[in-house]
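Residues in the sequence shown are numbered from 1126 upward in steps of one, following this note's numbering.
Single-structure report; data block below.
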Amino acid sequence: ACWGIAMDKDRYLYISDIEKHEVRRYQIGEQNGTLVAGGHGKGVGLDQLNWPTHLFVDEHYNVYVSDTWNYRVMKWAKNASEGIVVATGFPRGLCVDSSENIYMADYGNHQLICWPKGAKE
């Protein structure tokens, strides 16, 4: 089931699927897309997601994913086989500015959090 959607500067669509625990990139009109995050079943590994919802794609094609039930935001570089954890909490909506600061709506704690680039907590 599709949940989140984002578009990069080249007009590729990125769609999160909460049942397949993955994010795919599509050219307009394409049927199957290309796996860009997750895709190894539900789990906590760096190559897995658990209920990916909101997405953001930056100018370098990094895909940021609200990995909801793992209580983290993951960053997947272009062509990466696994992501890195860049924020924690109960992520819902998110965006990233040009300095790579992450702004996250933390649903569970009822607050907006700014994670400066490189922050651990």
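We put the CB at the ideal spot given by N, CA and C, even for glycine.
Helix, strand or coil for residue i per DSSP?
{"i": "TRP1176", "result": "coil"}
Taking the alpha-carbon positions, what's the residue i to residue j distance?
{"i": "SER1206", "j": "ALA1162", "result": "8 Å"}
{"i": "GLN1156", "j": "ALA1230", "result": "31 Å"}
{"i": "GLY1243", "j": "MET1199", "result": "13 Å"}
{"i": "ASP1133", "j": "GLY1214", "result": "25 Å"}
{"i": "ASP1222", "j": "ARG1136", "result": "19 Å"}
{"i": "THR1178", "j": "SER1224", "result": "23 Å"}
{"i": "LEU1219", "j": "THR1159", "result": "22 Å"}
{"i": "ALA1126", "j": "ARG1149", "result": "12 Å"}
{"i": "TYR1186", "j": "LYS1167", "result": "24 Å"}
{"i": "ASN1204", "j": "LYS1145", "result": "19 Å"}
{"i": "PHE1181", "j": "GLY1129", "result": "9 Å"}
{"i": "ILE1238", "j": "VAL1211", "result": "12 Å"}
Mind checking whether residue i and residue j have CB atoms under 8 Å apart?
{"i": "ILE1143", "j": "TYR1151", "result": "no"}
{"i": "ILE1153", "j": "LEU1138", "result": "yes"}
{"i": "TRP1176", "j": "TRP1194", "result": "yes"}
Using 10 angstroms around the beta-carbon of residue i, count the other beta-carbons present and answer buried if the total reaches 16, otherwise exposed.
{"i": "GLN1209", "result": "One point to set straight first is that residue 1209 is Ile, not Gln, in the sequence displayed. By the 10 Å Cβ count, ILE1209 comes out exposed."}
{"i": "GLY1184", "result": "Note that residue 1184 is Glu in the sequence shown, not Gly. Result: exposed."}
{"i": "GLN1236", "result": "exposed"}
Which residues in the same chain have their Cβ closer than 8 Å to the Cβ of residue i, if we skip the five residues on either side of it in sequence?
{"i": "VAL1169", "result": "ASN1175 and ASN1195"}
{"i": "PRO1216", "result": "THR1178, HIS1179, SER1191, ASP1192, THR1193, TYR1196, ARG1197, VAL1198, MET1229, ALA1230, ASP1231 and TYR1232"}
{"i": "ASN1234", "result": "GLY1214 and PHE1215"}
Please return the same chain residues whose Cβ sits closer than 7 Å to the Cβ of residue i, not counting the five positions on each side in sequence.
{"i": "PRO1241", "result": "ASN1226"}
{"i": "VAL1188", "result": "TYR1139, VAL1148, VAL1161, ALA1162, LEU1180, VAL1182 and TRP1201"}
{"i": "ALA1131", "result": "TYR1139, LEU1180, PHE1181 and VAL1182"}
Spatial neighbours of residue i within its chain, please: CB distance less than 6 Å, with the 5 preceding and 5 following residues excluded, ordered by chain position.
{"i": "GLY1164", "result": "GLU1147"}
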